[in-house]
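**Q** Just passing along the structure, written as structure tokens.
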Amino acid sequence: MLHEILLSLSGHPSPLLRTDATQPHALSGVSPAERQLLASAAHLSDVHIKLISYTAQVGSSHPSTICRAVATAIDSIHLAAFQRKVLEVEASILQDDPDLVGAYNIVPLTAVIGEFKDWTRRMEWIWEMVQFMLGKNRKGETCHGAQLMDRLRLELQSGYRDVQETAMSLVTVAETAWLKQVSAWILYGRLPSFGGDDFFVQKVEESEEACLVWRLCKHC
177 MLHEILLSLS GHPSPLLRTD ATQPHALSGV SPAERQLLAS AAHLSDVHIK LISYTAQVGS
237 SHPSTICRAV ATAIDSIHLA AFQRKVLEVE ASILQDDPDL VGAYNIVPLT AVIGEFKDWT
297 RRMEWIWEMV QFMLGKNRKG ETCHGAQLMD RLRLELQSGY RDVQETAMSL VTVAETAWLK
357 QVSAWILYGR LPSFGGDDFF VQKVEESEEA CLVWRLCKHC
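Heads up: the sequence shown is residues 177 to 396, going by the working numbering.
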């Protein structure tokens, strides 16, 4: 069971943690308390799997350079850190760490799931940000970089330290991507070759001049 749980948490769906009707007897020998713990693991696993899929989608096809940069950072920084946590827990079990392995080599399910309690809120929040990037407004327009930067700065005041730290890391990535666009325009007069619709300076059609588009983030 532990192998299935860790495998599922690392991003591979496991029948053990599914609650659909196709496997009615899969958890027949599991106590109600253990079912609740498995439900927590299943939820975290589901969020992780969705993040792997949709961050790849945003990172490869979103029209905003800033959104792409943030999605890539989510994958390379935060999802990678979660993967490392799964490996650390697995290594601790294999090394008979007394914090996880009890008498007679019994590994309490409570101890294993408890190792990931600090990740649930963080992963849920990251999923909210990915959904925000994938969403569209009433006009059918996709998320712009300025909107994402405003949202991330707002999340700095969430009151949760883990969310604040995660948001700050993504704000840094978003601002770095934005500054690269701005510096190319200021220093060389070049507009972005990709994601031009997301930049606050755009070239007017059938004209050699550029015009300002007021899509600046509130705090820029």
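For every residue, glycine included, the Cβ atom is placed at its ideal position computed from N, Cα and C.
Mind checking which residues open and close the alpha helix (DSSP H) that includes residue 300?
**A** Unbroken alpha helix (DSSP H) run through residue 300: 296-310.
**Q** Flag this pair as yes or no: are the beta carbons of residue 347 and residue 328 separated by less than 9 Å?
**A** It is a contact, given that the beta carbons lie within the stated cut-off.
**Q** If we cut at 9 Å on Cβ distances, does residue 280 have a partner in chain C?
**A** Included in the structure is just one protein chain, with no chain C present.
**Q** Measure the alpha-carbon distance for residue 189 versus residue 237 and round it to whole angstroms.
**A** Rounded to whole angstroms, residue 189 and residue 237 show a C-alpha spacing of 25 Å.
**Q** Three or more beta-carbon pairs under 8 Å between the stretch 307-327 and the stretch 281-299, yes or no?
**A** no
**Q** With a threshold of 7 Å on Cβ separation, who are the neighbours of residue 277 within its own chain once the five nearest residues in sequence on each side are excluded?
**A** 269, 283
**Q** Suppose you measure from the CA of residue 244 to the CA of residue 261; what does that come to, to the nearest Å?
**A** Per the coordinates, the alpha-carbon of residue 244 lies some 25 Å from the alpha-carbon of residue 261.
**Q** Given a threshold of 16 other Cβ atoms within 10 Å of its Cβ, counted over all protein chains shown, does residue 330 qualify as buried or as exposed?
**A** exposed
**Q** Mind checking residue 357: buried by the 16 CB within 10 Å criterion, or exposed?
**A** Burial call: buried.
**Q** Measure the beta-carbon distance from residue 217 to residue 240 and round it to whole angstroms, keeping in mind my assumption that it falls under 8 Å.
**A** That pair is no contact at about 34 Å.
**Q** Please classify residue 140: is it buried, with 16 or more other beta-carbons within 10 angstroms of its beta-carbon, or exposed?
**A** Any property of residue 140 remains undetermined from this structure, which presents the chain solely from 177 to 396.
**Q** Under DSSP, the alpha helix (DSSP H) around residue 184 begins and ends at which residues?
**A** That run of the alpha helix (DSSP H) goes 178-185.
**Q** Give the straight-line distance between the Cα atoms of residue 311 and residue 219, rounded to the nearest whole angstrom.
**A** 22 Å
**Q** Output the distance between the C-alpha atoms of residue 338 and residue 246, rounded to the nearest integer angstrom.
**A** 17 Å
**Q** Starting from the Cα of residue 226, find the closest Cα among 242, 250, 209, 211 and give me that residue.
**A** Here the closest residue by C-alpha is 250.
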